[in-house]
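Written out below as structure tokens is the structure these notes cover.
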Amino acid sequence: DYYRFQGFFSTIQWTDRKLPGETNDSESMKKQVKEADTKIAELRGQLASAEKKEDRDKLNEEINRTEEGVAKFRPLASIVTDKQKDAVREHLLIRGDLHTPGEEVKPGFVASLCGGNETAAAFTPNETTKTTGLRSSLANWIASPENPMTARVIVNRLWQHHFGRGIVGTPSDFGINGEAATHKELLDWLTLKFVKDGWSLKKMHRLMLLSNLYQQSTQTNPKGEKLDSQNLLLWRMNRLRLEGEPLRDSILALSGRLNPEMGGPSIYPQVSSEVLSTGSTHKWGNSSEEQGRRRTIYVFQRRSLLLPIVEVFDGADLVNTCSRRNNTTIAPQALALFNSEFTREESRHIAERVVREAGADTATLIDRAYRLILSRPSTAKQKLLTQEFLTKQTGLYTKRGNEASLLAFTDLCHVLINSNEFLYLD
269 DYYRFQGFFS TIQWTDRKLP GETNDSESMK KQVKEADTKI AELRGQLASA EKKEDRDKLN
329 EEINRTEEGV AKFRPLASIV TDKQKDAVRE HLLIRGDLHT PGEEVKPGFV ASLCGGNETA
389 AAFTPNETTK TTGLRSSLAN WIASPENPMT ARVIVNRLWQ HHFGRGIVGT PSDFGINGEA
449 ATHKELLDWL TLKFVKDGWS LKKMHRLMLL SNLYQQSTQT NPKGEKLDSQ NLLLWRMNRL
509 RLEGEPLRDS ILALSGRLNP EMGGPSIYPQ VSSEVLSTGS THKWGNSSEE QGRRRTIYVF
569 QRRSLLLPIV EVFDGADLVN TCSRRNNTTI APQALALFNS EFTREESRHI AERVVREAGA
629 DTATLIDRAY RLILSRPSTA KQKLLTQEFL TKQTGLYTKR GNEASLLAFT DLCHVLINSN
689 EFLYLD
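So our numbering is basically just the index in the sequence shown, starting at one, shifted up by 268.
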């Protein structure tokens with residue numbers, strides 16, 4: 269199976285092809301890009317040590333101008349093509365040695381996923397194509413309704429995302445070394461439904477989120493814990509913590525500043541110079557403030573520099589494949605969420621939003637803050653404690669004059685978005 273599958277990629281030949289509008293003066297462009305990168309690296313170094321805000325602003329402007337000057341020269345895409353029409357002959361390698369080829373192996377699909385049927389696993393070349401047609405055939409087979417694995421893996425990953433654990437607990441191993449499905453019939457039914465609905469992820473998300481199972485309480489009880497402590501039988505909903513991406517998006521949504529724009533190039537939210545200095549390179553683009561507030565899925569991914577809130581909340585490792593994220597509870601998470609400039613600034617915007625919507629009455633403001641951030645009204649005890657907190661904080665800000673009450677309310681919003689009730693889905 270390994271050598272047959274390898275045959276689909278044996279004819280690949282990497283090639284450079286000029287992009288539309290690209291000139292022949294490639295050496296000159298490469299030189300300009302190299303010079304610009306060197307200059308930007310120097311400016312980034314100065315930025316890391318700059319103490320005055322006006323100096324940092326000037327350096328950022330210079331970095332933006334330099335990057336914009338060479339942006340059109342940077343390559344946009346890589347392509348591959350076949351180096352011949354006929355497939356390359358592949359051989360079993362005796363003990364994996366290139367110099368001791370064994371019997372010839374033709375390109376073919378994974379037989380174990382075709383019910384062990386060698387005929388179904390065989391590749392049939394298309395005589396009408398100008399290339400081997402190997403990769404397109406592989407793509408069609410992977411997405412074929414006859415392939416029993418692809419749809420199951422997708423559905424299991426979606427289930428894992430919403431319920432904390434997949435129906436198959438090893439999302440990248442459905443074989444004999446992986447865990448058996450806890451609800452095989454359910455996985456089969458969801459897979460058939462998924463394929464029947466045209467492989468629509470949106471419909472499958474909706475089906476899971478509107479299910480009675482998803483709407484169960486996370487409350488536990490002694491009897492359930494005794495019979496099924498791992499909740500494999502799904503007698504309650506699992507308590508899930510927000511990942512870094514939806515956590516950032518939720519905070520921006522609460523402040524009313526989340527940019528809902530979809531599509532387009534990656535964005536570069538503001539990152540402190542201290543964080544930039546930890547990367548192997550100081551290269552980090554600059555997006556406008558509005559673009560920087562788009563959803564986290566659009567944030568540029570760099571192996572040596574992750575967005576801090578994503579990294580500390582168990583963001584995916586960009587070096588290896590990640591079928592399931594870790595779920596840790598560590599001190600840096602609390603420190604990052606409480607001390608970051610991002611959460612403090614957005615807390616102020618949340619406070620301003622609540623004041624706009626609820627008016628000047630303290631009790632109404634408190635209740636609106638709880639409803640907005642925690643999706644529930646405040647209890648009588650919480651109202652009392654919160655009023656005491658606001659009175660104390662307002663007193664600490666008396667020198668700020670008219671800003672004192674807003675700053676105190678900003679502190680309240682800051683505390684609420686740091687609470688477990690906000691961080692966890694119950």
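Idealized CB from N, CA, C, for every residue including glycine. Every value quoted in this text rests on a predicted model; they were computed, and no experiment measured them.
query                                                                                                                                                                                 : result
If you follow the beta strand (DSSP E) that G370 is in, where does it begin and where does it stop?                                                                                   : 369–373
Based on Cα-Cα distance, which residue from A676, E671, R509 lies nearest to Y692?                                                                                                    : R509
So, are the CB atoms of A266 and V463 less than 8 Å apart?                                                                                                                            : Because the chain here runs from 269 to 694, residue 266 falls outside it and cannot be looked at.
Counting only beta-carbon atoms, is Q569 nearer than 8 Å to chain C?                                                                                                                  : Given the protein chain composition of this structure (a single chain), no chain C is represented.
For A672, I'd like the list of residues in its chain whose CB is within less than 7 Å of its CB, leaving aside the five on either flank, ordered along the chain.                     : T662, Y665, T666
Give every residue of the same chain whose Cβ lies closer than 7 Å to the Cβ of W552, excluding the five residues on either side of it in the sequence, and list them in chain order. : Y536, V539, L544, L573
Does DSSP classify R668 as helix, strand or coil?                                                                                                                                     : helix
What is the DSSP secondary structure of D456, reduced to helix, strand or coil?                                                                                                       : helix
Can you tell me the Cα-Cα spacing of F442 and F277, whole angstroms?                                                                                                                  : 24 Å
Starting from F579, trace the alpha helix (DSSP H) in both directions and tell me its first and last residue.                                                                         : Correcting the residue identity first, residue 579 is Glu in this sequence and not Phe. 576–580 is the extent of the alpha helix (DSSP H) around E579.
What is the DSSP secondary structure of H359, counted as helix, strand or coil?                                                                                                       : strand
In whole angstroms, what is the alpha-carbon distance linking E513 and S646?                                                                                                          : 27 Å
Who are the near neighbours of M417 in its chain, counting only those whose CB is closer than 6 Å to its CB and skipping five residues on each side?                                  : L381
Could you check how far apart the C-beta atoms of T334 and K307 are, in whole angstroms? I think they sit under 8 Å.                                                                  : 5 Å
Apply the 10 Å Cβ neighbour rule to W409 and answer buried if 16 or more other Cβ atoms are within range, or exposed otherwise.                                                       : buried
Between which two residues does the alpha helix (DSSP H) harbouring E335 extend?                                                                                                      : 321–338
Give, in chain order, every unbroken run of the alpha helix (DSSP H) that is at least 4 residues long and sits entirely within the stretch 420–475.                                   : 452–464
Using a Cβ-Cβ cut-off of 8 Å (strictly less than) and excluding sequence neighbours within five positions of E558, which residues of its own chain qualify?                           : N527
What distance in whole Å lies between the Cβ atoms of N506 and G432, which are believed to be in contact at a cut-off of 8 Å?                                                         : 4 Å
Taking the straight line between their C-alpha atoms, what separation do you get for D305 and M530?                                                                                   : 29 Å
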